[in-house]
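**Student:**
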Amino acid sequence: MRAYDIIAKKRDGKKLTTAEIEFFIVGYMDGSIPDYQAAAFNMAVFFQGLDDEETSALTMAMVQSGDQFDLSAIHGIKVDKHSTGGVGDTTTLVLAPLVASVGAPMAKMSGRGLGHTGGTLDKLEAIPGFHIEMEQQQFVDAVNRVGVAVVGQTGNLVPADKQLYALRDVTATVESIPLIAASIMSKKIAAGADAIVLDVKVGSGAFMKTVDDAFLLAHKLVNIGEQVGRKTVAIITSMDQPLGNAIGNTVEVQEAIATLAGKGPSDLQMLCLTLGGQMLYLAEIVDSPQEGERLLLQSLQDGTALAKMRELISSQQGDASVVDDPQKLPQANEQMTVLAETEGYVNAIEAEQIGLAAMIMGAGRATKDDQIDYGAGVVLQCKVGSYVEAGDVLATLYSNRTDKFAEAALMVQQAYTICEEQPVAMPLVYGVVS
Ligand code: URA
Ligand code: CA
0 MRAYDIIAKK RDGKKLTTAE IEFFIVGYMD GSIPDYQAAA FNMAVFFQGL
50 DDEETSALTM AMVQSGDQFD LSAIHGIKVD KHSTGGVGDT TTLVLAPLVA
100 SVGAPMAKMS GRGLGHTGGT LDKLEAIPGF HIEMEQQQFV DAVNRVGVAV
150 VGQTGNLVPA DKQLYALRDV TATVESIPLI AASIMSKKIA AGADAIVLDV
200 KVGSGAFMKT VDDAFLLAHK LVNIGEQVGR KTVAIITSMD QPLGNAIGNT
250 VEVQEAIATL AGKGPSDLQM LCLTLGGQML YLAEIVDSPQ EGERLLLQSL
300 QDGTALAKMR ELISSQQGDA SVVDDPQKLP QANEQMTVLA ETEGYVNAIE
350 AEQIGLAAMI MGAGRATKDD QIDYGAGVVL QCKVGSYVEA GDVLATLYSN
400 RTDKFAEAAL MVQQAYTICE EQPVAMPLVY GVVS
């Protein structure tokens with residue numbers, strides 16, 4: 000077999016065999032296929048696409064490029080959740096204890112964030128004492144005992160994705176639905192999930208800019224799952240503004256705690272119930288996603304979810320009293336309000352801009368060696384659909400770096416689009432593909 004022939008075959012729109020796809024990925028990883036051939040391959044795929052069988056073969060070849068976790072020692076069906084990118088997406092912090100609180104095992108491996116805010120791990124580390132490092136056996140024991148554990152990713156998961164993604168990033172081939180689908184699914188499969196719930200974001204700040212494209216990606220993801228024997232559901236959700244009100248680390252932990260107490264922002268609660276209902280259904284805890292949602296809502300309202308959050312924090316050596324006294328989380332010394340300059344309706348809030356404002360105040364890392372300031376962040380006081388007058392507070396900034404306030408405030412102000420006409424209410428959830 001030769002890389003040249005595989006590239007030419009895809010260039011001409013022909014279907015590749017599993018053996019050809021494996022040959023290509025193995026060769027790329029051992030260095031016998033150079034970057035320029037892989038770049039040409041990606042571009043051929045970008046134009047000609049891959050069918051479901053080819054995409055599944057690519058996914059599994061990528062999975063086999065590195066370590067795979069075996070979660071079989073954990074009782075029950077392990078369902079994982081993934082979001083295709085969100086700013087201030089507090090859902091994992093809520094869903095891990097929430098779904099566990101009604102009996103589905105949550106064995107969550109998470110990453111650190113590069114960019115706007117920390118990742119889920121960084122947010123949890125805002126809780127004094129919280130440990131995210133565990134040996135494999137400790138992790139298994141913790142999930143079996145408490146029902147939930149969140150650990151940092153160890154091992155070498157899908158190195159082919161790291162290498163291919165870096166190449167796609169500089170060759171204008173990120174925006175290919177089969178390449179995105181293989182990238183996402185390979186990581187979830189290598190992490191050991193039995194079943195997968197995906198939150199596919201659509202909107203100006205998301206990978207998928209149109210609802211049609213988001214549905215195409217969702218179908219692709221679900222079909223790969225089916226081909227490789229992991230039940231998969233994809234939910235298409237809007238990203239015309241950040242989810243919830245908080246973007247940062249401490250502020251998002253506080254928001255997660257409020258949500259677990261049934262007092263969270265309505266959009267965040269709704270999305271958590273929708274995703275969680277599907278997770279419970281795939282975990283075979285309930286007979287329908289709707290029944291799952293009812294069970295979860297009850298858990299939010301009767302204290303069960305909050306109790307599970309306390310258990311999760313204690314089990315990982317954190318100070319669980321933050322649940323009852325969130326002021327114990329690291330706070331910023333200074334705060335500043337961002338005011339509306341004109342009156343009208345909030346039409347859109349560019350999530351990316353809000354995330355960047357949080358980052359420059361210290362909530363995220365620009366490079367992997369940067370230190371996170373847990374107290375830094377943005378809390379939105381007005382969301383899409385609100386009517387504001389000039390001088391009303393749009394958002395509050397928190398930081399220990401007052402030198403960054405002016406720049407961050409300008410970014411937040413510019414992230415808001417305020418118009419005279421009332422915006423047409425858009426759904427948060429566009430649909431479910433299963
Ligand atoms: N998210 C991923 O993990 N991979 C992609 O290619 C795009 C989004
Ligand atoms: Ca949020």
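So that you can map any letter, position 373 of the sequence shown is 372 in numbering that gives the first Met the number 0, and since no number is skipped, the others follow by simple counting.
For every residue, glycine included, the Cβ atom is placed at its ideal position computed from N, Cα and C.
Can you list, in chain order, the residues of its chain with a C-beta nearer than 7 Å to that of Val139? Leave out the 5 residues immediately preceding and following it.
**Tutor:** Translated into positions along the sequence shown, residue 139 becomes position 140. Scanning its chain for C-beta atoms nearer than 7 Å, with the 5 sequence neighbours on each side dropped, one finds around Val139 the residues Ala72, Ile73, in chain order.
**Student:** On a Cα-Cα basis, can you pick out the residue from Leu123, Gly65, Gln268, Lys107 that is closest to Gln316?
**Tutor:** To locate residue 316, count along the sequence shown from 1; it is residue 317. The shortest C-alpha separation from Gln316 is found at Leu123.
**Student:** Identify, in the order they occur along the chain, each residue of the same chain with its Cβ nearer than 7 Å to the Cβ of Gly276, setting aside the five sequence neighbours on each side.
**Tutor:** Here residue 276 refers to the residue found at position 277 when the sequence shown is read from its first residue. Contacts found: Pro288, Gln289, Gly291, Glu292, Leu295.
**Student:** In its own chain, which residues sit with a C-beta less than 6 Å from the C-beta of Val432, not counting the 5 before and 5 after it?
**Tutor:** Stepping through the sequence shown from its first residue, residue 432 is reached at position 433. Contacts found: Ala217, His218, Val221, Ala233.
**Student:** Just reading off the alpha helix (DSSP H) that Met308 is part of, what are its end residues?
**Tutor:** To locate residue 308, count along the sequence shown from 1; it is residue 309. Boundaries of the alpha helix (DSSP H) around Met308: 303 to 314.
**Student:** Does the separation of the CB atoms of Gln330 and Thr258 fall below 8 Å?
**Tutor:** For this step, residue 330 is matched to residue 331 along the sequence shown. For this step, residue 258 is matched to residue 259 along the sequence shown. No. Outside cutoff.
**Student:** Flag this pair as yes or no: are the beta carbons of Val62 and Lys9 separated by less than 8 Å?
**Tutor:** For this step, residue 62 is matched to residue 63 along the sequence shown. For this step, residue 9 is matched to residue 10 along the sequence shown. No, these two residues do not count as a Cβ contact at 8 Å.
**Student:** In chain order, what are the residues with a CB under 5 Å from some non-hydrogen atom of ligand 1?
**Tutor:** Ile179, Ser182, Ile183
**Student:** Is DSSP giving Lys390 helix, strand or coil here?
**Tutor:** As a first step, residue 390 is located in the sequence shown; it is residue number 391 there, counting from the start. The amino acid occupying residue 390 in the given sequence is Gly; Lys does not appear at that position. Three-state DSSP puts Gly390 in coil, outside helix and strand.
**Student:** From the DSSP output, in three-state form, read off Arg364 for me.
**Tutor:** Position 365 of the sequence shown, counted from the start, is the residue given in the question as residue 364. Here Arg364 sits in strand by DSSP.
**Student:** For Thr341, is the classification buried or exposed, using 16 other Cβ atoms within 10 angstroms of its Cβ as the cut-off for buried?
**Tutor:** Position 342 of the sequence shown, counted from the first residue, corresponds to residue 341. Exposed, by the Cβ-count rule.
**Student:** For the beta strand (DSSP E) containing Leu197, list its first residue and its last residue.
**Tutor:** Position 198 of the sequence shown, counting from 1, holds the residue named residue 197. Its beta strand (DSSP E) spans residues 194 to 201.
**Student:** From the DSSP output, in three-state form, read off Lys77 for me.
**Tutor:** Your numbering for residue 77 matches position 78 in the sequence shown. Coil at Lys77, not helix or strand.
**Student:** Could you pull out every residue in the same chain whose Cβ sits closer than 7 Å to the Cβ of Ile6, ignoring the five residues on either side in sequence?
**Tutor:** Translated into positions along the sequence shown, residue 6 becomes position 7. So the list reads Gln36, Ala39, Phe40, Ala43, once near-sequence residues are dropped.
**Student:** From Met308, Ile183, Cys381, Gly202, pick the residue whose C-alpha is nearest to that of Ile195; which is it?
**Tutor:** Indexing the sequence shown from 1 puts residue 195 at position 196. Considering only alpha carbons, the answer is Ile183.
**Student:** Verify whether the separation of the beta carbon atoms of Met410 and Pro96 is less than 8 Å.
**Tutor:** The residue you call residue 410 lines up with position 411 of the sequence shown. The residue you call residue 96 lines up with position 97 of the sequence shown. Not a contact, by the Cβ cut-off of 8 Å.
**Student:** In the DSSP output, what is Leu379 paired with across the bridge?
**Tutor:** Translated into the one-based positions of the sequence shown, residue 379 becomes position 380. Note: Leu379 sits in a beta bridge opposite Ala394.
**Student:** Closer than 7 Å by C-beta to Met425: which residues in its own chain qualify, once you throw out the five before and the five after it? Chain order, please.
**Tutor:** As a first step, residue 425 is located in the sequence shown; it is residue number 426 there, counting from the start. Here the set comprises Ser237, Asp239.
**Student:** Just tell me which of Thr209, Gln413, Ala189 has its CA closest to the CA of Ile176.
**Tutor:** Your numbering for residue 176 matches position 177 in the sequence shown. Residue Thr209 is the option with its Cα nearest to Ile176.
**Student:** DSSP state of Leu49, grouped into three classes?
**Tutor:** If you number the sequence shown from 1, residue 49 lands on position 50. Residue state, collapsed to three classes: coil.
**Student:** How big is the Cα-Cα spacing for Leu396 and Gly376?
**Tutor:** The count along the sequence shown starts at 1 and reaches residue 396 at position 397. The count along the sequence shown starts at 1 and reaches residue 376 at position 377. Distance between the alpha carbons of Leu396 and Gly376 is about 6 Å.
**Student:** Less than 8 Å between the CB atoms is what I'm expecting for Val378 and Asn244, so what's the real figure, rounded?
**Tutor:** Within the sequence shown, residue 378 is the residue found at index 379, counting from 1. Within the sequence shown, residue 244 is the residue found at index 245, counting from 1. Yes, Val378 and Asn244 are in contact; Cβ-Cβ is about 5 Å, under 8 Å.
**Student:** With a 10 Å radius around its C-beta and 16 neighbouring C-beta atoms as the bar for buried, classify Pro104 as buried or exposed.
**Tutor:** Position 105 of the sequence shown, counted from the first residue, corresponds to residue 104. Its Cβ being crowded by 16 or more others within 10 Å, Pro104 is buried.
**Student:** Quick check on DSSP: helix, strand or coil for Ser64?
**Tutor:** Within the sequence shown, the letter at position 65 stands for residue 64. DSSP places Ser64 in coil when its eight states are reduced to three.
**Student:** What span of residues does the alpha helix (DSSP H) with Gln352 cover, start to end?
**Tutor:** In the sequence shown, the residue the question calls residue 352 occupies position 353. Here the alpha helix (DSSP H) through Gln352 covers 350 to 357.
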